[in-house]
Amino acid sequence: MTRFQQLIAKNGARHRRHRRIVNGVMLSLTGLLTLMALVPLFWIIGYVIYRGAPVLNLNFFTQLARPIGMRGGGVLFAIEGTAVLAILACLFAIPPGVLAAFYAARNPNTPLGIALRFSTDVLAGVPSIVMGLFIYGLVVVPMKHFSGFAGGLALSILMLPTIIRTTEEMLKLVPHTLREGSLGLGAPEWKTNLSVVFPAALDGIITGFLLAIARATGETAPLLFTALGNERFDIGAIIQSGIQAHQSIFAVIGRIINQPIDSLPLTLWTYAMQPYQERIDQSWGVALVLMIFVLLIEIVARMWIEARKRALQG
Amino acid sequence: MKNTSVLKRNTWRERLNRSTRHGDIPWSLLVGAMAILVLVVVLAIAWMLWTESADARAKIGWDFFRPTLDATWNPAKDIYQAWPFIYGTLITSLVAIILAVPISIGIAVFLAELCPERLRLPLNWMIEMLAAIPSVVYGLWGIFVFLPVVVAPIGKFLAPLSSLPSFAGTLFTGPISEDGTSRLAAGLILTIMIIPTITAISRDVLLAIPDTQREAAMGLGSTRWEMIWQVLLPYGLSGILGAIILGLGRALGETMAVTMVMGNANEATGSLLKAGYTMASLLALQFKEAVTPLHTDAMIELGLTLFAITLILNLLARFLVWQVARRTPQEARA
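Top to bottom, those sequences are chains A and B.
So the first sequence is numbered by this note's numbering: it starts at 964 and just counts up by one.
So the second sequence is numbered by this note's numbering: it starts at 78 and just counts up by one.
Encoded structure:
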């Protein structure tokens, strides 16, 4: 062997070892990073349970807020408010969202279809606090007061992109043969869509709604200057006084959504910023309730979607 | 006669059916109208922010954006210079991006290329759970756990870097406050919050790369890491850039968690270890308590700025992701 060949052989071996080591180090590093990212997840979940669980009791869910300084009391007002806001947001977001998704699924390449997909992307990227500003200008300023109506509208715009995207995706998963069969039997397009394609995709679409609701209920920023927050919000009292005054159901609903309203994340934020220990303890309780609610929906919805995809793709 | 009346009704119905193509025309109009509505919402947001901030734009002019940290934001005197807030948003997002990008790409590589099949789904879910935790819960955890346990020690550790020359030194002018509230804290908590965004999209980009690329690289004798580093990442580069930009967009607009850990004080310093505001946190804290009409308008202009930045970033990101999708042959995806 010449000296040159020896050199090649030696360096080649060293080079190979170097490559092997780099390979091993970098590949295990990626695994390590994945583990590292899970640390905050379990840390947050664990700590919120640790601080929040002792606060939760029946009163927490069934009573209104007590004045500062008094122990006890609950966050019923925030739970009611969250429910009202979520219902309003669904009412405003689901019908247009689903119909727009029908358009997007059928016409992906028309100018309007491209514009629709583009604006869905933009909406998904708009900071949620900017949504709050928008609804403040659109609703709160003309009405001259903060209201649950404005809060629901703000959340609905937030939900819109999620609903459109998941619905579109689910509609596209419905096998073509199904719609062709319906059209071939002479059903018009709209009937095919509403009574064949839509039911076939329905459970997937509902999981999309669930995901959107979960995200929206966790949001605070768009509610800061639309729903504002209202510790004295009490649906029971409104309904009772409505019945006593023989008001119609619409008048009662109007009164419910026409005043400032609280929600769980909003309460969490106001309580956490107050220098009173009981309030801070309660904010941990709220955090736990909120987190369980959101994560539970997220997990159930994802399992559902996964099962569905598997069933459809065979 | 009985017969003709039946015939008449049929023709009336038939005419309606024919003129609406059995209801398809109303249906397509309805569906199209809803598609247009979504478009209108986006335009309305832009229009609303533009018109509502008209006063501020007219009265303050470009002074609003003058890049000086020694700026005044004084509602009592109606003087508004927004640079400290813009700077706060940019610097915290920058910290988050610098830290989150390598971590997220590492995770994406692991999930797409290396992860055992059985672990893939649960790991994917857990990473995405990080995005599902509400921002206020991050904030609460941030105040009581993250600040004292993680941020304050890191801040103390970084403080000696203030002796670095020029700009780098001013970034670390300490000391960090006792409780740890600082721009650094906001940057670190944003890092955790944007990891799922960047990871999920980068992972999808990697999964979309055709297997022929992998086979070719392995066939030429590269190690797995060399395949990832020299073939897959360059191939998916523009898609991954898109993911990074979307993550940046999320960091820029994040409000609650940042507001809760940032300390919200206005000091004329660019230091990471000092408290500050971001655009979003200023809106969250001051908008409701606006003192004068111009104060409100100035904050809406801040919202407009935020909207414009995220809009441009989204355009850029979509363009990059779209480029990858276009280059990838249809049958190789799935």
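Glycine is no exception: its CB is placed at the ideal position from the N, C-alpha and C atoms.
Item: What span of residues does the alpha helix (DSSP H) with residue 1210(A) cover, start to end?; Value: Unbroken run through residue 1210(A): none, as it is neither H nor E.
Item: Can you list, in chain order, the residues of its chain whose CB lies under 7 angstroms from that of residue 147(B), leaving out five sequence neighbours each side?; Value: 345
Item: Looking at the C-beta of residue 295(B), does it have a partner C-beta in chain A at a distance below 9 angstroms?; Value: no
Item: Where does residue 1095(A) sit, in a helix, a strand or coil, going by DSSP?; Value: helix
Item: Can you tell me which of 307(B), 161(B), 322(B), 376(B) puts its alpha carbon nearest to the alpha carbon of residue 127(B)?; Value: 376(B)
Item: With distance defined between alpha-carbon atoms, name the residue in 305(B), 296(B), 298(B), 218(B) nearest to residue 284(B).; Value: 305(B)
Item: Can you tell me the Cβ-Cβ gap for residue 263(B) and residue 323(B), rounded? I've got them flagged as a contact below 8 angstroms.; Value: Rounded, the Cβ-Cβ distance is 19 angstroms, inconsistent with contact.
Item: Would DSSP call residue 326(B) helix, strand or coil?; Value: helix
Item: Report the residue ranges of all alpha helix (DSSP H) runs contained in full by the region 1130–1183 of chain A; include only those spanning at least 4 residues, in chain order.; Value: 1139–1147, 1152–1155, 1161–1180
Item: Taking contact to mean 3 or more Cβ pairs, one atom from each stretch, closer than 8 angstroms, check whether the region 1131–1145 of chain A and the region 1164–1182 of chain A are in contact.; Value: yes
Item: Give the C-beta separation of residue 1223(A) and residue 1110(A) to the nearest angstrom, bearing in mind that I take them to be a contact with Cβ-Cβ under 8 angstroms.; Value: 7 angstroms
Item: Could you please tell me which residues of the region 351–372 of chain B, in chain order, have their CB closer than 7 angstroms to any CB of chain C?; Value: In the structure shown, chain C does not exist; the protein chains are A and B.
Item: For residue 215(B) and chain A, any beta-carbon pair shorter than 9 angstroms?; Value: yes
Item: Kindly say whether residue 1003(A), judged by its beta-carbon, lies nearer than 9 angstroms to any beta-carbon of chain B.; Value: yes
Item: Helix, strand or coil: how does DSSP classify residue 1255(A) here?; Value: helix
Item: Just by C-beta distance, which residues in the region 1081–1092 of chain A are closer than 9 angstroms to chain B?; Value: 1081, 1082, 1083, 1084, 1085, 1086, 1087, 1088, 1089, 1090, 1091, 1092
Item: Which residue or residues does DSSP assign as beta-bridge partners of residue 157(B)?; Value: 150(B)
Item: Looking at C-alpha atoms only, which residue of 358(B), 208(B), 248(B), 215(B) is the closest neighbour of residue 1177(A)?; Value: 208(B)
Item: Please state the DSSP three-state secondary structure of residue 1224(A).; Value: strand
Item: By Cβ distance, which residues of its chain are closer than 8 angstroms to residue 219(B), with the 5 residues on each side in sequence left out?; Value: 262, 266, 334, 337, 338
Item: Compare the C-beta of residue 1231(A) with all C-beta atoms of chain B and state if any pair is closer than 9 angstroms.; Value: yes
Item: For the region 975–997 of chain A, list every residue whose C-beta sits within 9 angstroms of some C-beta in chain B, in sequence order.; Value: 982, 983, 985, 986, 987, 988, 989, 990, 992, 993, 994, 995, 996, 997
Item: Have a look at the DSSP bridge pairing and note the partners of residue 340(B).; Value: 353(B)
Item: Rounded to whole angstroms, what is the Cα-Cα separation between residue 975(A) and residue 966(A)?; Value: 14 angstroms
Item: By alpha-carbon positions, which one of 1024(A), 1048(A), 1026(A) ends up nearest to residue 1182(A)?; Value: 1048(A)
Item: Note down, in chain order, each residue of its chain lying with its Cβ closer than 8 angstroms to the Cβ of residue 159(B), except the 5 sequence neighbours on either side.; Value: 141, 142, 148, 150, 356, 375, 378, 379, 382
Item: Give the interface partners of residue 1183(A) over in chain B, defined as CB-CB distance under 8 angstroms, in chain order.; Value: 211, 212, 213, 332, 333
Item: Report the residue from 1045(A), 1146(A), 1075(A), 1120(A) whose alpha carbon sits nearest the alpha carbon of residue 1096(A).; Value: 1120(A)
Item: Residue 302(B): buried (16+ other C-beta within 10 angstroms of its C-beta) or exposed?; Value: buried
Item: Could you pull the start and end residues of the alpha helix (DSSP H) that residue 292(B) belongs to?; Value: 288–296
Item: Going by the CB atoms, is the gap between residue 1040(A) and residue 1028(A) shorter than 9 angstroms?; Value: yes
Item: Please state whether the Cβ-Cβ distance between residue 332(B) and residue 361(B) is less than 9 angstroms.; Value: yes
Item: Going by C-alpha to C-alpha distance, which of 1235(A), 1152(A), 1105(A) sits closest to residue 94(B)?; Value: 1152(A)
Item: Quick one: what's got a C-beta closer than 7 angstroms to residue 1130(A)'s C-beta in the same chain, skipping five residues either side?; Value: 1060, 1061, 1064, 1168, 1171
Item: Quick one: what's got a C-beta closer than 7 angstroms to residue 171(B)'s C-beta in the same chain, skipping five residues either side?; Value: none
Item: Along the alpha helix (DSSP H) that carries residue 981(A), what are the first and last residues, could you check?; Value: 966–1015
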